[in-house]
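*Asks:* If you count the sequence shown from 1, position 355 lands on 336 in the numbering used here, and the numbers rise without skipping.
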Amino acid sequence: MAIIHRTNVGEEDNLEELSELCRTAGYNVVYRVKQERPPHPEYNIGPGKVEELAKAVRELGIEKVVFENELKPIQEYNLAKKLGVQVITRTQLILEIFTLHASSIEARLQIKLAELKYELPRAKEKVRLAKKGEQPGFHGLGAYEADVYYDEIHRRIVYINKKLEAIKKHMDLIRVERKKLGLPIISLAGYTNAGKSTLFNLLTFEDVEVNSQLFTTLTPTTRIVRLDGKPVFLSDTVGFINNLPTLLIEAFYATLREIALSDLILLMVDASEPLQIVEKKLETSLDTLSSIGAGGVPILLVFNKIDLTDLDEIEKKIKRLNLPYEYVAISAKTGWNIKSLEEKVSRMLKGFIRVKATIPFNSTSMKMIKEIYNKSKVINIEYDDSCVKVDVETTIELAERIRKLSEGGEFRVG
Ligand SMILES: Nc1nc2c(ncn2[C@@H]2O[C@H](COP(=O)(O)OP(=O)(O)OP(=O)(O)O)[C@@H](O)[C@H]2O)c(=O)[nH]1
Ligand SMILES: [Mg+2]
């Protein structure tokens, strides 16, 4: 595989991340090209560079070429013709990875939708080009009429949208059921590979897949878990990446929307990386959060992978970043400082209030005691002959029912 990035003047190249994406997709990168120049209309990179690349493709037996830049159909066609191999873009590479990692019907539909939406604006031009002589990546298209091919893609988009709509309705129902329980919802968010699933597993005793590849998690998982004794819903979901193709954000909107509807976001960062990268990934994550409508949700920054570096180093980085968020440094792998994380989360959660009350000892209150154990952090519950004294941090809704049950007996908040 060869990877190419044409950068604008002064722009840094993104070949390191592109090669990581290639590795995740199962390719071996043997040739890298960076060229600083304005886009060439025919090839995106300059014709001289195309010649060099063609030579490398022949000599090294390269089977595929990936561009960090978006390509126009004509550029893709000309490059495929010159190089004799398929030419794809970063977007298509990410789509390949998503396809490899999709484990649910929903994720598969979301990816298909993104693929079709990528193809739609290119469809007519690609058919027209394929009729001039088919090149790698254009196979079979020459047999189509441009309008027929376009209409077919459009029809499939409508069909998949309908199917996704049904899944979204189902997810809405689940969300309503969750809301009824009155427990806060916490979402893990952040750049791909930050360690979201590792932390999720640590806190929930689950076993969702953790991997050093990118985009391991595509389908969200939610579990009830106690943090500092308080029961909450915790969700693990798809990670972000710089220039996450807009189509993927659109296609995964229903999945990402969960984050926007949560009460608190644990925004994870791999703090073991150099400051510039940490900063860039944080910026991407914050931008993505705002683009999915999660700009107003409180954030706790979680600096992860502390085991790979020392605490002084991290403190320095955090100071330099100077961000207006609460933060905590942890290692999701070793479990270091998780107690601190739980305490911070606990302090930031608005959904719980401290209630001290005395309720009568009868069958109704016995049922409620069970619910209190499930939905609260119990500080103390004492049984008397005729009454029960409860001292708990509980949900507002349950606090109100405790008040009613206390029938004018002791009931204090705070
Ligand atoms: N050393 C170290 N490695 C960690 C830590 N947390 C996670 N990792 C590793 O980082 C890699 C990515 O972890 P994941 O939990 O899969 O990351 P993720 O954020 O869920 O990634 P995606 O699902 O791809 O978005 C894995 O190889 C983990 O073992 C940590 O605290 N220390
Ligand atoms: Mg994950």
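Each residue gets a CB set at the ideal place from its N, CA and C atoms; glycine is no exception.
With distances taken between CB atoms, is the gap from F214 to L154 smaller than 8 Å?
*Replies:* Translated into positions along the sequence shown, residue 214 becomes position 233. Translated into positions along the sequence shown, residue 154 becomes position 173. No.
*Asks:* In the DSSP output, which residue or residues are listed as bridge partners for V373?
*Replies:* Numbered from 1 along the sequence shown, position 392 holds the residue referred to as residue 373. Its beta-bridge partners are V336, V359.
*Asks:* Does the beta carbon of V359 fall short of 7 Å from some heavy atom of ligand 1?
*Replies:* Within the sequence shown, the letter at position 378 stands for residue 359. Incorrect: V359 has no Cβ contact closer than 7 Å to ligand 1.
*Asks:* With a threshold of 7 Å, establish whether the CB of K177 neighbours any heavy atom of ligand 2.
*Replies:* Reading the sequence shown from its first residue, position 196 is the one you call residue 177. Yes; taking the cut-off as 7 Å, the Cβ of K177 has a heavy atom of ligand 2 nearer than that.
*Asks:* One question on the structure: do N224 and D251 come within less than 8 Å of each other, judged by their Cβ atoms?
*Replies:* Against the sequence shown, residue 224 aligns to sequence position 243. Against the sequence shown, residue 251 aligns to sequence position 270. Against a cut-off of 8 Å, the Cβ pair of D251 and N224 comes out as no contact.
*Asks:* Rounded to the nearest angstrom, what separates T290 and L256 at their Cα positions?
*Replies:* The sequence position of residue 290 within the sequence shown is 309, counting from 1. The sequence position of residue 256 within the sequence shown is 275, counting from 1. Taking the straight line joining both Cα atoms gives about 12 Å.
*Asks:* Going by DSSP, name the residue or residues bridged to R13.
*Replies:* Within the sequence shown, numbered from 1, the residue matching residue 13 stands at position 32. Its beta-bridge partners are I(-16).
*Asks:* Assuming V371 contacts I340 under a Cβ cut-off of 8 Å, what Cβ separation, rounded to an integer in Å, is found between them?
*Replies:* For the purposes of this step, residue 371 is taken as residue 390 along the sequence shown, with counting starting at 1. For the purposes of this step, residue 340 is taken as residue 359 along the sequence shown, with counting starting at 1. Sure, about 7 Å apart at Cβ, within 8 Å.
*Asks:* For E307, which residues does DSSP report across the bridge?
*Replies:* Here residue 307 corresponds to residue number 326 of the sequence shown, with the count starting at 1. DSSP output for E307 lists L281 as bridge partner(s).
*Asks:* Within 10 angstroms of the Cβ of M347, are there 16 or more other Cβ atoms? Answer buried if so, exposed if not.
*Replies:* What you label residue 347 is simply residue 366 of the sequence shown in a count that begins at 1. Per the 10 Å Cβ criterion, exposed.
*Asks:* Let me check you understand the geometry: is the CB of K300 closer than 7 Å to at least one non-hydrogen atom of ligand 1?
*Replies:* Reading the sequence shown from its first residue, position 319 is the one you call residue 300. K300: no, Cβ never under 7 Å from ligand 1.
*Asks:* Looking only at its own chain, which residues have a Cβ that is under 8 Å from the Cβ of A104, when we skip the five neighbours before and after it?
*Replies:* Within the sequence shown, numbered from 1, the residue matching residue 104 stands at position 123. Once the five neighbours on either side are set aside, the close Cβ partners of A104 are A127, Y130, Y131, I134.
*Asks:* Which term fits I377, buried or exposed, when burial requires 16 or more other beta carbons within 10 angstroms of its beta carbon?
*Replies:* Taking the first residue of the sequence shown as position 1, residue 377 is located at position 396. Flag for I377 reads exposed.
*Asks:* List the whole-angstrom C-beta distance separating A61 from P117, where the pair is believed to meet the contact cut-off of C-beta under 8 Å.
*Replies:* Stepping through the sequence shown from its first residue, residue 61 is reached at position 80. Stepping through the sequence shown from its first residue, residue 117 is reached at position 136. Between P117 and A61 the Cβ distance is about 5 Å, and since that is below 8 Å, they are a contact.
*Asks:* Compare the Cα-Cα distances from L97 to each of G277, E87, N142 and report the closest residue.
*Replies:* Start at 1 with the first residue of the sequence shown, and residue 97 comes out as number 116. Per the Cα distances, N142.
*Asks:* Comparing C-alpha positions only, which one of I138, Q194, T70 sits nearest to A95?
*Replies:* To locate residue 95, count along the sequence shown from 1; it is residue 114. If we check each option's Cα against that of A95, I138 comes out closest.
*Asks:* How long is the line joining the alpha carbons of L203 and V219, rounded to whole angstroms?
*Replies:* Counted from its first residue, the sequence shown places residue 203 at position 222. Counted from its first residue, the sequence shown places residue 219 at position 238. Checking the displayed sequence, the identity of residue 203 turns out to be Thr instead of Leu. The alpha-carbon atoms of T203 and V219 are separated by roughly 12 Å.
*Asks:* Can you give me the C-alpha to C-alpha distance between G395 and T227, rounded to a whole angstrom?
*Replies:* As a first step, residue 395 is located in the sequence shown; it is residue number 414 there, counting from the start. As a first step, residue 227 is located in the sequence shown; it is residue number 246 there, counting from the start. Looking at the two C-alpha atoms, the distance is approximately 46 Å.
*Asks:* Considering just the uninterrupted stretch of the alpha helix (DSSP H) at V31, what are its terminal residues?
*Replies:* If you number the sequence shown from 1, residue 31 lands on position 50. From DSSP, the alpha helix (DSSP H) with V31 extends over 28 to 41.
*Asks:* List the whole-angstrom C-beta distance separating Y8 from K45, where the pair is believed to meet the contact cut-off of C-beta under 8 Å.
*Replies:* Translated into the one-based positions of the sequence shown, residue 8 becomes position 27. Translated into the one-based positions of the sequence shown, residue 45 becomes position 64. That pair is a contact at about 7 Å.
*Asks:* Which value, in whole angstroms, describes the spacing of the CA atoms of N318 and A310?
*Replies:* Position 337 of the sequence shown holds residue 318. Position 329 of the sequence shown holds residue 310. Answer to the nearest angstrom: the Cα atoms are 7 Å apart.
*Asks:* Sorry if obvious, but does the Cβ on D217 come closer than 7 Å to a heavy atom of ligand 2?
*Replies:* Here the question's residue 217 lines up with position 236 in the sequence shown. Because some heavy atom of ligand 2 lies under 7 Å away, the Cβ of D217 counts as near it: yes.
*Asks:* Around the C-beta of N(-5), are 16 or more other C-beta atoms found within 10 angstroms, so that it is buried, or is it exposed?
*Replies:* What you label residue -5 is simply residue 14 of the sequence shown in a count that begins at 1. The residue is buried, with at least 16 neighbouring Cβ atoms inside 10 Å.
*Asks:* What does DSSP give as the partner residues of M249 in its beta bridges?
*Replies:* The residue given as residue 249 occupies position 268 in the sequence shown. For M249, which the question treats as bridged, DSSP gives the partners G171, V283.
*Asks:* Determine the closest residue to I148 out of E363, C3, F233, with distance taken between C-alpha atoms.
*Replies:* Within the sequence shown, the letter at position 167 stands for residue 148. Of E363, C3, F233, the residue nearest in Cα terms is F233.
*Asks:* Can you list the alpha helix (DSSP H) stretches of 4 or more residues lying completely in the stretch 54 to 102, in chain order?
*Replies:* Runs found: 54 to 64, 71 to 82.
*Asks:* At what residues does the alpha helix (DSSP H) containing K297 begin and finish?
*Replies:* Counting from 1 along the sequence shown, the entry for residue 297 is found at position 316. First-last of the alpha helix (DSSP H) with K297: 292 to 302.
*Asks:* Could you give the DSSP three-state label for S216: helix, strand or coil?
*Replies:* For the purposes of this step, residue 216 is identified with residue 235 of the sequence shown, where counting begins at 1. Residue state, collapsed to three classes: strand.
*Asks:* Which same chain residues end up closer than 6 Å to V191 when comparing Cβ atoms and leaving out the 5 residues on each side of it in sequence?
*Replies:* The residue given as residue 191 occupies position 210 in the sequence shown. The residues are S178, T179.
*Asks:* Using DSSP bridges, identify the partner residues of Y364.
*Replies:* Here residue 364 is taken as the residue at index 383 of the sequence shown, counted from 1. Paired residue(s): V369.
*Asks:* Would the beta-carbon of G220 be found less than 7 Å away from any heavy atom of ligand 2?
*Replies:* Taking the sequence shown and counting its residues from 1, the one referred to as residue 220 is at position 239. Flag set: Cβ of G220 near ligand 2.
*Asks:* With three or more beta-carbon pairs closer than 8 Å as the criterion, would you say the stretch 76 to 93 touches the stretch 29 to 40?
*Replies:* No: fewer than three Cβ pairs fall under 8 Å.
*Asks:* In whole angstroms, what separates the C-alpha of I334 from that of S243?
*Replies:* Here residue 334 refers to the residue found at position 353 of the sequence shown. Here residue 243 refers to the residue found at position 262 of the sequence shown. In a straight line, the C-alpha of I334 is about 18 Å away from that of S243.
*Asks:* Buried or exposed: where does K325 fall if 16 or more other Cβ atoms within 10 Å of its Cβ makes it buried?
*Replies:* Within the sequence shown, residue 325 is the residue found at index 344, counting from 1. Burial call: buried.
*Asks:* Tell me whether T72, by its Cβ, gets closer than 7 Å to a heavy atom of ligand 2.
*Replies:* Residue numbering aside, residue 72 sits at position 91 when the sequence shown is read from its first letter. Answer for T72: no, Cβ out of range of ligand 2.
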